[in-house]
Amino acid sequence: MLNILISGGSDGLGKAIATKLTPANKVIILSHNQEKLKNVSKEIGCDFVLADVTDYSSLAAAVKTVLEKYQEINVLINSAGIWMEGNLEDNDINQIQEVLSVNTLGTIFLTKAVLPSMKSHQQGRIINIISQDGLNAKENRSIYSASKWAITGFTKCLQKDLVKDKIGVMGIYPGLLKTGLFEKQGATRNLDTALDPTEIASIVEYVINLSSDVLIPDISIKNINNPNNMNDSGSPQIGLDLNPDMITPQTGIPQTTPASITPVASPITPGVIDITPGASTSDDLHPEKIENITPVAAVPTPAEAVISENPVTDTGIHLADVVPAPLSDTSLPGPISASPPAAEEAASISVELPPASPINPLHEDPDLVNLSK
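Going by the numbering used here, the first residue of the sequence shown is number 3, and it counts up by one from there.
And the structure:
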């Protein structure tokens, strides 16, 4: 048997939850309407305490009274709430303050008043009855939605803050309910496809009887016959919804590709050598086999090609062995030229190369040469 404190327990969803839980638990309903509290208490056989959820001092005194009688509060259910709709510029400033005070501050104040006792016992469960309007944005309800979105954030943060104290916090997000929520504020709704409050009460009963080690962070509840509630909303998520078409790739800047994700075979433009370690190219750009790649010693010279009418014949390796022969298409850029490592007292090597393009190919298309290692 659990000691359960329910705000807004004299009416609507709060009353339905109190009715469901009273037979097997010690239920205390809290409200500012003493007459309703007495009537519901007599009707379903629960206890009650008078308090104003917008006044922290009133709530703190009520919680103290409950603890003096029951020693601890095992479950807190924040169910008090009022409705408001309309365009922001048309909303009365006093009504705006009332909605935020009841829906938002009332939940925060009562939770603050109960927490010290729960922490001292290293156990407890807090259930915040929020709304689908705490997940979605809909027209003509900016203030009501703001009051509920605030509790969504409040709930998510408390889940992280209180886990070390073994206190489970969850949010329940019901859709349209068959209650008097709208009539109290002079609004009307077709409730034919609205949820029955007893269905929500059954879910609450299931949750509070779970092991204290089990936490269900969020429950979103809808009626499948109500098209207005059947959208993509679910548990609250925070993230970025990016449209790929909004992202324009950069051009003209060499991109470094890690070797671990370098494609096994990538198309290489003829006349350009891919020097990425492990990269493969077409057969006509690389020799089939190189037996000896030891460079011939040479006198230090600038890294440039020396053109000669009579190429030197030698048994060592030459640039002609590793640089593909020029293609018939003379419009393509020439190969990359280089000199082997130098040593003292050695002759320079002359290699016949095709005329070099006035612009280094690296400057024409820097993305064609991959320099990652």
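In this text, a Cβ means the ideal position worked out from N, Cα and C, and glycines have one as well.
Going by CA-CA distance only, name the one from the options that's closest to residue i.
i, options, result
"D92", "G173, A82, S222 and N142", "N142"
"S2", "D163, K40 and I132", "Nothing can be reported for residue 2, as the shown portion of the chain is limited to 3 through 375."
"Q125", "V77, S222 and G47", "V77"
"S81", "N5, A18 and G155", "A18"
"I221", "V104, S119 and T157", "T157"
"P118", "L217, Q73 and I226", "Q73"
"V216", "K38, Q161, L69 and V55", "Q161"
"I205", "L178, I226 and I174", "I174"
"N227", "T109, L179, I210 and I75", "L179"
"N138", "I129, N130, W151 and R127", "W151"
"I129", "D13, G11 and P219", "P219"
"I75", "V101, L4, D94 and A196", "L4"
"K71", "V104, D49 and V171", "D49"
"P25", "S43, K166, I95 and A115", "S43"
"K40", "S12, K121, D167 and R127", "S12"
"Q134", "L197, G108, S122 and S60", "L197"
"K121", "D94, G155, G88 and D167", "D167"
"K66", "V165, H123 and A115", "A115"
"T21", "N211, L212 and I202", "I202"
"D57", "D163, I110 and G136", "I110"
"S60", "L90, M172 and G108", "G108"
Hey, residue i and residue j are a contact pair by Cβ (cut 8 Å); roughly how many whole angstroms apart?
i, j, result
"T106", "I153", "6 Å"
"M86", "Q99", "The Cβ separation is near 11 Å, so there is no contact."
"I79", "I8", "5 Å"
"E207", "L23", "6 Å"
"V55", "I30", "Incorrect: roughly 14 Å between the Cβ atoms, too far for contact."
"V51", "A64", "5 Å"
"G177", "K140", "With 8 Å as the limit, G177 and K140 do not qualify as a contact, their Cβ atoms being about 12 Å apart."
"G83", "G10", "6 Å"
In three-state terms, what does DSSP make of residue i?
i, result
"K150", "helix"
"D163", "helix"
"D92", "helix"
"K28", "strand"
"N76", "coil"
"L7", "strand"
"I169", "strand"
"V51", "strand"
"S59", "helix"
"I226", "coil"
"P219", "coil"
"S43", "helix"
"I174", "strand"
"S33", "strand"
"L212", "coil"
"T332", "Residue placement at T332 cannot be trusted, given a pLDDT of 48 that sits under 50; what the coordinates show is reported in the next sentence. The answer is coil: DSSP assigns T332 none of H, G, I, E or B."
"G14", "helix"
"I84", "coil"
"I249", "Because the pLDDT at I249 is just 45, under 50, the model does not fix this residue reliably, and the point stays unresolved."
Where does residue i land, buried or exposed, given buried means 16+ other C-beta within 10 angstroms?
i, result
"Q36", "exposed"
"C159", "exposed"
"S214", "exposed"
"S149", "buried"
"S33", "buried"
"G47", "exposed"
"E306", "Because E306 carries a pLDDT of 47, less than 50, the predicted location of this residue cannot be relied on, and no value is offered for it."
"I6", "buried"
"T200", "exposed"
"N27", "buried"
"P251", "With a pLDDT of 48 at P251, under the threshold of 50, the modelled position of that residue is not reliable, and the figure given next carries that caveat. With fewer than 16 other Cβ atoms within 10 Å, it is exposed."
"L112", "buried"
"I210", "buried"
"V101", "buried"
"V165", "exposed"
"V325", "With a pLDDT of only 49 at V325, under the threshold of 50, the placement of this residue in the model should not be trusted, and no figure is reported."
*beta strand (DSSP E) segments (min. 3 residues) lying fully within the segment 118-148*: Taking only runs of at least 3 residues, the beta strand (DSSP E) segments lying wholly in the segment 118-148 are 126-131.
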